[in-house]
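Undergrad: Per our numbering, the sequence shown starts with residue 23, numbered consecutively.
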Amino acid sequence: MKIGRILIAAGLIDEKQLEIALAEQDKTGAKLGATLAELGFASEEAVSHALANQSGVDHVDADREELEPAALALVPEATARRLNALPLRREGKALRVAMSDPTDIVAIDELQRTARTFVRVVSTGHRQLLRALDRAYGGTGGGGGSSALELAIQRASEEAASDAAGESRGALVALVDELLMLAIRRGATDLHLQPDKRVLRARLRVDGELTSGAALPSSLSGAVVARIKVLAGLDLSESRVPQDGKIRFPFDKDAIDLRVSTFPTVNGESVVIRILDKKRQSLTLESLGLDGESQLTLRRMAQRPNGLILTVGPTGSGKSTTLFALLRTLDSSRRKVITLEDPVEYELPLATQCQVNERAGLDFATGLRSILRHDPDVVLVGEMRDTETAALALRAAMTGHLVFSTLHTNGALETVGRLVDMQLDRYAIASCLVGVAAQRLVRRICEHCIEDWTPEPEQLVAVDMAPEAGGKFRRGAGCERCQESGHAGREALFELLEVTPALRRSISRGAHADELEAQARSDGFVPFRERAQRSAREGRISLDEVARVTAEN
23 MKIGRILIAA GLIDEKQLEI ALAEQDKTGA KLGATLAELG FASEEAVSHA LANQSGVDHV
83 DADREELEPA ALALVPEATA RRLNALPLRR EGKALRVAMS DPTDIVAIDE LQRTARTFVR
143 VVSTGHRQLL RALDRAYGGT GGGGGSSALE LAIQRASEEA ASDAAGESRG ALVALVDELL
203 MLAIRRGATD LHLQPDKRVL RARLRVDGEL TSGAALPSSL SGAVVARIKV LAGLDLSESR
263 VPQDGKIRFP FDKDAIDLRV STFPTVNGES VVIRILDKKR QSLTLESLGL DGESQLTLRR
323 MAQRPNGLIL TVGPTGSGKS TTLFALLRTL DSSRRKVITL EDPVEYELPL ATQCQVNERA
383 GLDFATGLRS ILRHDPDVVL VGEMRDTETA ALALRAAMTG HLVFSTLHTN GALETVGRLV
443 DMQLDRYAIA SCLVGVAAQR LVRRICEHCI EDWTPEPEQL VAVDMAPEAG GKFRRGAGCE
503 RCQESGHAGR EALFELLEVT PALRRSISRG AHADELEAQA RSDGFVPFRE RAQRSAREGR
563 ISLDEVARVT AEN
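#1: Going straight from the alpha carbon of Gly267 to that of Leu256, what length do you get?
#2: In its own chain, which residues sit with a C-beta less than 6 Å from the C-beta of Asp364, not counting the 5 before and 5 after it?
#3: For Leu89, which residues in the same chain have their Cβ closer than 6 Å to its Cβ, ignoring the five residues on either side in sequence?
#4: Cα separation between Leu44 and Leu58?
#5: Indicate whether Val119 and Val143 have their beta-carbon atoms separated by less than 8 Å.
#6: Mapping the DSSP letters down to three states, classify His470 as helix, strand or coil.
#7: In the DSSP assignment, the beta strand (DSSP E) including Gly253 goes from what residue to what residue?
#8: What distance in whole Å lies between the Cβ atoms of Ala84 and Ala154, which are believed to be in contact at a cut-off of 8 Å?
#9: Let me confirm a value: Arg497 is counted as buried when at least 16 other C-beta atoms fall within 10 Å, else exposed. Which label applies?
#10: Which same chain residues end up closer than 6 Å to Leu518 when comparing Cβ atoms and leaving out the 5 residues on each side of it in sequence?
#11: Smallest Cα separation from Arg526: which of Leu238, Ala510 and Asp545?
#12: So, helix, strand or coil for Ala373, using DSSP?
#13: Look up Asp364 in the DSSP assignment and give the residues it is bridged to.
#14: According to the neighbour-count rule (16 or more other Cβ atoms, all chains shown, within 10 Å of its Cβ), is Arg208 buried or exposed?
#15: Report, in whole angstroms, the separation of the C-beta atoms of Val246 and Leu197, which I expect to be a contact under 8 Å.
#16: According to the neighbour-count rule (16 or more other Cβ atoms, all chains shown, within 10 Å of its Cβ), is Ala93 buried or exposed?
#17: Whose C-alpha, out of Ile206, Asp229, Glu231 and Ser179, is nearest the C-alpha of Val221?
#18: Can you tell which of Leu298, Asp123 and Met444 has the C-alpha that lies nearest to the C-alpha of Ile25?
#19: Could you tell me if Tyr368 is buried or exposed, where buried requires 16 or more neighbouring beta carbons within 10 angstroms of its beta carbon?
#20: Suppose contacts are defined by Cβ-Cβ distances below 8 Å. Is His509 in contact with Arg551 by that definition?
#21: Using 10 angstroms around the beta-carbon of Pro109, count the other beta-carbons present and answer buried if the total reaches 16, otherwise exposed.
#22: Jot down the residue ranges of each uninterrupted alpha helix (DSSP H) in the segment 101 to 169, minimum 4 residues, whole runs only, in chain order.
#23: Provide the residue(s) that pair with Ala265 in DSSP beta bridges, ordered along the chain.
#24: Which of the three DSSP states is assigned to Val40 in this structure?
#25: According to DSSP, what are the bridge partners of Glu513?
#26: Could you tell me which residues DSSP puts in a beta bridge with Gln216?
#27: Cβ of Ser564 within 8 Å of Cβ of Ala573?
#28: Does the contact criterion of 3 or more C-beta pairs under 8 Å hold for the segment 328 to 336 versus the segment 355 to 363?
#29: Kindly provide the ranges of any alpha helix (DSSP H) runs that are 4 or more residues long and lie completely inside the segment 299 to 358, ordered along the chain.
#30: Going by DSSP, what residues sit across from Ile297 in a beta bridge?
#31: With Val425 and Ala434 assumed to form a contact (beta carbons below 8 Å), what rounded beta-carbon distance in angstroms separates them?
#32: According to DSSP, is Ala174 helix, strand or coil?
#33: Could I get the ranges of all uninterrupted alpha helix (DSSP H) runs contained in the segment 422 to 464, with 4 residues as the minimum, in chain order?
#34: So, helix, strand or coil for Pro479, using DSSP?
In structure tokens form, the structure reads like this:
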């Protein structure tokens with residue numbers, strides 16, 4: 023039986039859904055199981071289990087399988103990717119192989135000829151298989167062998183060369199999809215497509231670091247950018263001015279929000295795609311990396327009936343995530359919450375959410391004036407970009423509203439000076455400001471290659487740490503899971519400034535920054551540097567991260 027018949031027999035889809043999925047598959051060239059999942063007709067896991075049951079084979083989670091190098095050596099990467107098959111390990115004289123389609127007898131036969139041994143097949147989900155293939159053979163296009171991306175580039179180049187009339191662009195569609203899927207699988211926050219004279223460079227920002235990626239032929243540059251602009255709903259005829267758009271990209275039983283920005287350069291249009299994977303962003307205080315005392319401090323601030331609470335830090339440091347985690351601690355059934363954002367990144371139950379549209383005349387200041395006429399208890403202003411918006415937010419806090427917003431400053435104490443620089447009255451700042459949560463994202467040590475480590479005394483002194491104080495230091499040795507970097511994933515490092523009555527008086531009388539810091543420290547304030555040092559002594563982050571945070575303060 024063909025896959026479609028098997029799924030109908032299993033009751034997962036009906037005839038009409040199969041017809042639609044097959045038509046979509048003809049356009050994209052994707053696997054039927056993945057296409058059904060993207061259309062929302064059946065989850066990829068359900069498809070995979072149905073195929074396993076029909077074929078009488080085991081079902082495995084390829085993400086959790088330990089891969090045996092000797093088994094991988096039996097099947098070249100290009101063959102494994104073309105046949106959608108992953109060698110797992112030797113079992114006696116047989117080779118255990120995971121496949122997304124265990125009914126593909128032709129592929130199984132080719133695998134047995136290639137490996138020169140009997141193949142025992144197990145079933146796995148297609149996207150799980152792709153991730154596992156990247157882990158096994160490398161998914162960045164680097165090193166030897168052809169990755170899935172390299173194969174997609176090759177096919178798109180061949181298609182472009184043979185299709186002068188531009189009639190069929192299936193390989194181009196698959197190439198753009200592979201670029202986006204690779205970025206998502208790698209956990210990137212941004213995908214950069216930078217045109218040079220000879221190539222279109224694809225680069226990924228992973229854990230805050232920009233890494234090199236594939237180089238696409240310049241002949242594909244215009245077509246790739248055009249495909250992305252079509253997906254984002256941008257004007258194809260306009261390449262002389264910047265444009266912004268968004269994409270809902272189907273991936274792994276869900277959809278990922280992508281924010282697209284184009285920018286004209288001398289070599290063509292540059293594209294940056296921000297990846298907003300909500301599954302990776304947990305909106306709870308517990309998930310942010312805060313200790314118990316800091317969580318209590320933030321919760322206490324958020325329970326105030328009125329005032330101004332700010333999260334500050336550089337772009338991409340997670341300020342909005344922290345604000346929404348705070349909002350979720352409120353009882354929205356008893357308090358009216360209105361947000362004004364650019365763009366709306368998270369959906370908040372029972373909240374009224376509005377997106378800024380400056381082209382239509384709806385900016386933060388205009389929106390905030392209107393919000394205050396809708397009887398809110400709690401207001402979130404995505405960013406205080408100018409003096410007018412900041413003054414309105416401060417006025418709202420003074421008139422009985424609890425206001426949340428973000429600001430770009432390097433630390434919590436610098437926020438007071440920044441508000442003064444925005445020509446806001448010191449007395450108003452002192453009376454309204456409840457607290458500031460300043461944050462940076464620090465790289466976590468890779469859990470797969472973490473090891474205990476004893477630094478040399480001079481290494482500790484270099485980051486202002488006393489060697490005699492001791493601690494349990496750790497670092498990442500580097501492995502394939504973390505691309506040999508020793509780091510994988512990030513968490514927020516905070517410094518919390520709660521405005522006490524004593525600090526309020528100091529702000530009101532115009533105390534110098536040194537005086538404000540002395541008062542804040544006596545109230546329990548701990549700056550970034552000391553928090554980073556504490557995390558390193560507890561083995562949570564490496565000394566490299568302490569050096570980076572220390573250098574910025």
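We put the beta carbon where it would ideally sit given N, CA and C, even for glycine.
Just so you know, these numbers come straight off a predicted model, no measurement behind them.
TA: Walking through what the data contain:
#1: It is roughly 6 Å from the alpha-carbon of Gly267 to the alpha-carbon of Leu256.
#2: Same-chain partners within the cutoff: Val378 and Gly404.
#3: So the list reads Ala158, once near-sequence residues are dropped.
#4: Distance between the alpha carbons of Leu44 and Leu58 is about 9 Å.
#5: Their beta carbons are under 8 Å apart, which means Val119 touches Val143 by this criterion.
#6: If DSSP states are grouped into helix, strand and coil, His470 belongs with coil.
#7: It is Leu, not Gly, that sits at residue 253 in the sequence shown. No beta strand (DSSP E) contains Leu253, which is instead part of the alpha helix (DSSP H) from Ser243 to Ala254.
#8: Right, their Cβ atoms sit about 4 Å apart.
#9: So Arg497 ends up on the buried side.
#10: Answer for Leu518: Ser316, Thr319 and Ala459, listed in chain order.
#11: Cα-wise, what sits closest to Arg526 is Asp545.
#12: If DSSP states are grouped into helix, strand and coil, Ala373 belongs with coil.
#13: Listed as beta-bridge partners of Asp364 by DSSP are no residues whatsoever.
#14: Burial call: buried.
#15: The beta-carbon separation of Val246 and Leu197, rounded to 7 Å, stays under the 8 Å limit for a contact.
#16: By the 10 Å Cβ count, Ala93 comes out buried.
#17: Closest in C-alpha terms to Val221, from the list Ile206, Asp229, Glu231 and Ser179, comes Ser179.
#18: Comparing alpha carbon positions, the residue from Leu298, Asp123 and Met444 closest to Ile25 is Asp123.
#19: With 16 or more Cβ atoms within 10 Å of its Cβ, Tyr368 is classed as buried.
#20: No; because the gap between Cβ atoms is not below 8 Å, this pair is not in contact.
#21: Label assigned to Pro109: buried.
#22: The segment 101 to 169 contains these whole alpha helix (DSSP H) runs: 127 to 137 and 148 to 159.
#23: For the sequence presented, residue 265 should be read as Gln rather than Ala. DSSP lists Thr284 as partners of Gln265.
#24: Note that residue 40 is Leu in the sequence shown here, rather than Val. If DSSP states are grouped into helix, strand and coil, Leu40 belongs with the helices.
#25: Glu513 has Val464 as its beta-bridge partners, per DSSP.
#26: For Gln216, which the question treats as bridged, DSSP gives the partners Arg223.
#27: No, these two residues do not count as a Cβ contact at 8 Å.
#28: Verdict: no, contact absent.
#29: Runs of the alpha helix (DSSP H) lying entirely within the segment 299 to 358, each at least 4 residues long, are 314 to 324 and 341 to 349 in chain order.
#30: Listed as beta-bridge partners of Ile297 by DSSP are Leu280.
#31: With a contact defined as Cβ atoms closer than 8 Å, Val425 and Ala434 miss out at about 17 Å.
#32: Assignment of Ala174 by DSSP, reduced to helix, strand and coil, places it in the helix class.
#33: Within the segment 422 to 464, the complete alpha helix (DSSP H) runs of at least 4 residues are 436 to 443 and 448 to 454.
#34: Helix, per DSSP.
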